[in-house]
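Worksheet: one structure, shown below.
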């Protein structure tokens, strides 16, 4: 070891110094005098629990040695040869950074201030010169663990298909959309929604129930009973553990917490017509703000009332009290968003641009209906001009100016006509079918730019062109995807995506 190297370690507090390998010198210092006595006399180090020696060791390690020893990085400085000593120039020590400056440094290493540690009520030895705080760069290391940690694998994306009588199938969400599992809920179903590992199917009266299951495994189904006569029609996830259920037969929405199955009623009667029941139907949401269709009909005859149809707006904060939003403070009472016609079908919503879209069908001979949109920032309603030329059906929004629109024109021996068109795209007339029911369900997968359309037609002598199953189209071109229709073994009436 060179003389200058030994000088680097010159201190009465030096425990020992070594030179290894030949080009490096390593110094180990001891802060505590009593520990130094124990070291110098080869006495065992007192227990750290002793208040006099609890201060322990502090190691001052100069610059970084590249190789770790036994999992600990030994920090050493280059040895100074006589030739190198003449070339050395003194460097000014960098000033210490305060806490606010350190907080702004977000590089790979962290700044750690190393200072003597004292017991409570104990002061530094005044006979010794004060020790300066030393700022050194330390690369953080995580402790290695040999424990095996069991983790739940992330759910695979699923396309859920639902039959009218409760048949269900979970398919891979990517081509060729192979069936992963099937089941049978054995109940009439009107709606299905999924989020992550939860799917919920809605069963209206007389079942008055929800079916809750994991789309990865359809064998384990939990039935959640609702009040008799609740007549649920739709459900929406406002987060991974809370859903809101519309109940056509009562004046209340239902807030359901899935893990505890706690039920909380949200009274919607302030927005009702004279019979006290606003007849809630389809739901949509942006975050914790929920939008609900209010038909406001005479509940016995289903005739329109003077109040007219509307959209109710409710804020449902986690851990807070649900609040109905008054959309017109200038009018007495709590006001919903009034619509021109009766809403129906799913309501596409773009939370980023702040637009909610609504289809309002009428019989073909009465004009076929119209579309409206809601500005979610100003809570105002305006007309959405779409030249449908037939009875309005369900629709999906790819982007502003590009819409998938369902319409109906006739009823005949083959059933009700359903026409699926891409408006604003390169292909207008896309797909036509006949079925006993008017087909108004479809779902858009924006991640893959695909549209899924369930056709529950049944082949017959009058309907030879029927191709039952789920049809898949490119969302922006209207082209039906290769592989044809996805056959399920039952006629699908709705689809949902779990991802």
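In my numbering, the protein residues as written are 68 to 566.
Ideal Cβ placement from N, Cα and C applies to all residues, glycine included.
Keep in mind the model is a prediction, meaning the values are calculated, not measured.
Next on the checklist: Checking the sheet assignment: what are the DSSP bridge partners for residue 352?
Outcome noted: As a working mapping, residue 352 is identified with position 285 in the chain shown. Answer is 357.
Item to check | Secondary structure of residue 549, DSSP reduced to three states | outcome: As a working mapping, residue 549 is identified with position 482 in the chain shown. Three-state result, residue 549: coil.
Next on the checklist: Runs of 3 residues minimum, wholly inside the segment 390-476: which ones carry the beta strand (DSSP E) assignment?
Outcome noted: 422-428, 436-442, 447-451, 458-466 and 469-475
Checklist entry - DSSP on residue 556, reduced to helix/strand/coil? => result Residue 556 sits at position 489 when you count from the first residue of the chain shown. Note: residue 556 maps to coil in three-state DSSP.
Next on the checklist: Quick check on residue 460: buried or exposed, where buried means 16 or more other Cβ atoms within 10 Å of its Cβ?
Outcome noted: Indexing the chain shown from 1 puts residue 460 at position 393. Buried.
Checklist entry - So residue 292 is in the beta strand (DSSP E); what residue range does that whole segment cover? => result Numbered from 1 along the chain shown, position 225 holds the residue referred to as residue 292. Start and end: 284-292.
Checklist entry - By how many angstroms is the C-alpha of residue 288 removed from the C-alpha of residue 373? => result Walking along the chain shown from the start, residue 373 turns up at place 306. Walking along the chain shown from the start, residue 288 turns up at place 221. Going from the Cα of residue 373 to the Cα of residue 288 covers about 43 Å.
Next on the checklist: residue 561 and residue 521 - do their beta-carbons sit closer together than 9 Å?
Outcome noted: Reading the chain shown from its first residue, position 454 is the one you call residue 521. Reading the chain shown from its first residue, position 494 is the one you call residue 561. For residue 521 and residue 561, yes; Cβs fall inside 9 Å.
Next on the checklist: Can you give me the C-alpha to C-alpha distance between residue 244 and residue 499, rounded to a whole angstrom?
Outcome noted: In the chain shown, residue 244 corresponds to position 177, counting from 1. In the chain shown, residue 499 corresponds to position 432, counting from 1. So the alpha carbons of these two residues sit roughly 22 Å apart.
Checklist entry - In three-state terms, what does DSSP make of residue 318? => result Counting from 1 along the chain shown, the entry for residue 318 is found at position 251. Three-state DSSP puts residue 318 in coil, outside helix and strand.
Next on the checklist: For residue 384, which residues in the same chain have their Cβ closer than 6 Å to its Cβ, ignoring the five residues on either side in sequence?
Outcome noted: Locating residue 384 in the chain shown gives position 317, where the first residue counts as 1. Only 355 meet the Cβ criterion.
Next on the checklist: In this structure, how does DSSP classify residue 336 when only helix, strand and coil are distinguished?
Outcome noted: Working through the chain shown from its first residue, we reach residue 336 at position 269. Reduced to three states, the DSSP call for residue 336 is helix.
Checklist entry - Can you check whether the CB of residue 565 is closer than 9 Å to the CB of residue 222? => result In the chain shown, counting from the first residue as 1, residue 222 sits at position 155. In the chain shown, counting from the first residue as 1, residue 565 sits at position 498. Going by C-beta atoms, residue 222 is nearer than 9 Å to residue 565.
Next on the checklist: Do residue 351 and residue 413 count as a contact pair if the criterion is CB distance below 9 Å?
Outcome noted: The sequence position of residue 413 within the chain shown is 346, counting from 1. The sequence position of residue 351 within the chain shown is 284, counting from 1. Against a cut-off of 9 Å, the Cβ pair of residue 351 and residue 413 comes out as a contact.
Next on the checklist: Taking its Cβ as the centre, do 16 or more other Cβ atoms sit within 10 Å of residue 467, making it buried, or is it exposed?
Outcome noted: The residue you call residue 467 lines up with position 400 of the chain shown. When all chains shown are included, residue 467 counts as exposed.
Item to check | Cβ contact (3+ pairs, closer than 8 Å) linking the segment 479-489 and the segment 424-435 | outcome: no
Checklist entry - Within this structure, are the beta carbons of residue 558 and residue 253 separated by less than 9 Å? => result The count along the chain shown starts at 1 and reaches residue 558 at position 491. The count along the chain shown starts at 1 and reaches residue 253 at position 186. Contact: no.
Checklist entry - Is the distance from the Cβ of residue 315 to the Cβ of residue 347 below 9 Å? => result If you number the chain shown from 1, residue 315 lands on position 248. If you number the chain shown from 1, residue 347 lands on position 280. Taking 9 Å as the Cβ cut-off, residue 315 and residue 347 qualify as a contacting pair.
Checklist entry - Is DSSP giving residue 112 helix, strand or coil here? => result The count along the chain shown starts at 1 and reaches residue 112 at position 45. Because residue 112 sits at a pLDDT of 46, beneath the cut-off of 50, its placement in the model cannot be relied upon, and the following sentence gives the value as read from the coordinates. Three-state DSSP puts residue 112 in coil, outside helix and strand.
Checklist entry - Which residues in the same chain have their Cβ closer than 6 Å to the Cβ of residue 32, if we skip the five residues on either side of it in sequence? => result In the structure displayed, the chain extends from 68 to 566; residue 32 sits before or after that span and is not available.
Checklist entry - Relative to the C-alpha of residue 427, which residue among 399, 419 and 440 is closest? => result In the chain shown, the residue the question calls residue 427 occupies position 360. Selected option, being the one with the closest Cα: 440.
Item to check | N-terminal and C-terminal residue of the beta strand (DSSP E) that residue 263 is part of | outcome: Here the question's residue 263 lines up with position 196 in the chain shown. No beta strand (DSSP E) holds residue 263; DSSP gives it neither H nor E.
Checklist entry - What number of angstroms, rounded off, separates the C-alpha of residue 423 from the C-alpha of residue 524? => result The count along the chain shown starts at 1 and reaches residue 423 at position 356. The count along the chain shown starts at 1 and reaches residue 524 at position 457. The straight-line gap from Cα to Cα measures roughly 30 Å.
Item to check | residue 418 vs residue 446 beta-carbon contact at 9 Å | outcome: On the chain shown, residue 418 is found 351 positions in, with the first residue counted as 1. On the chain shown, residue 446 is found 379 positions in, with the first residue counted as 1. Contact: no.
Checklist entry - What is the C-beta distance between residue 470 and residue 456, in whole angstroms, given that I count them as a contact (C-beta under 8 Å)? => result What you label residue 470 is simply residue 403 of the chain shown in a count that begins at 1. What you label residue 456 is simply residue 389 of the chain shown in a count that begins at 1. Between residue 456 and residue 470 the Cβ distance is about 14 Å, and since that is not below 8 Å, they are no contact.
Item to check | Continuous beta strand (DSSP E) stretch holding residue 278: start and end | outcome: Taking the chain shown and counting its residues from 1, one reaches residue 278 at position 211. From DSSP, the beta strand (DSSP E) with residue 278 extends over 276-281.
Checklist entry - DSSP three-state call for residue 514: helix, strand or coil? => result Here the question's residue 514 lines up with position 447 in the chain shown. Three-state DSSP puts residue 514 in coil, outside helix and strand.
Checklist entry - Does the Cβ-Cβ distance between residue 301 and residue 312 come in under 9 Å? => result Residue numbering aside, residue 301 sits at position 234 when the chain shown is read from its first letter. Residue numbering aside, residue 312 sits at position 245 when the chain shown is read from its first letter. The answer is yes: Cβ separation under 9 Å.
Next on the checklist: Quick check: the Cα distance between residue 332 and residue 317, rounded to an integer number of angstroms?
Outcome noted: For this step, residue 332 is matched to residue 265 along the chain shown. For this step, residue 317 is matched to residue 250 along the chain shown. Whole-angstrom Cα-Cα distance: 10 Å.
Checklist entry - How big is the Cα-Cα spacing for residue 335 and residue 502? => result Sequence index remark: in the chain shown, residue 335 carries index 268 (1-based). Sequence index remark: in the chain shown, residue 502 carries index 435 (1-based). Taking the straight line from one Cα to the other gives about 36 Å.
Checklist entry - How many angstroms separate the CA atom of residue 583 from the CA atom of residue 382? => result Because the chain in this structure spans residues 68 to 566, residue 583 falls outside the shown range and cannot be described.
Item to check | Backbone CA spacing between residue 509 and residue 337 [nearest angstrom] | outcome: Locating residue 509 in the chain shown gives position 442, counting from the first residue. Locating residue 337 in the chain shown gives position 270, counting from the first residue. Computed Cα separation, rounded: 33 Å.
Item to check | residue 345 vs residue 296 beta-carbon contact at 9 Å | outcome: Within the chain shown, residue 345 is the residue found at index 278, counting from 1. Within the chain shown, residue 296 is the residue found at index 229, counting from 1. Cβ distance not < 9 Å, so residue 345 and residue 296 don't count as in contact.
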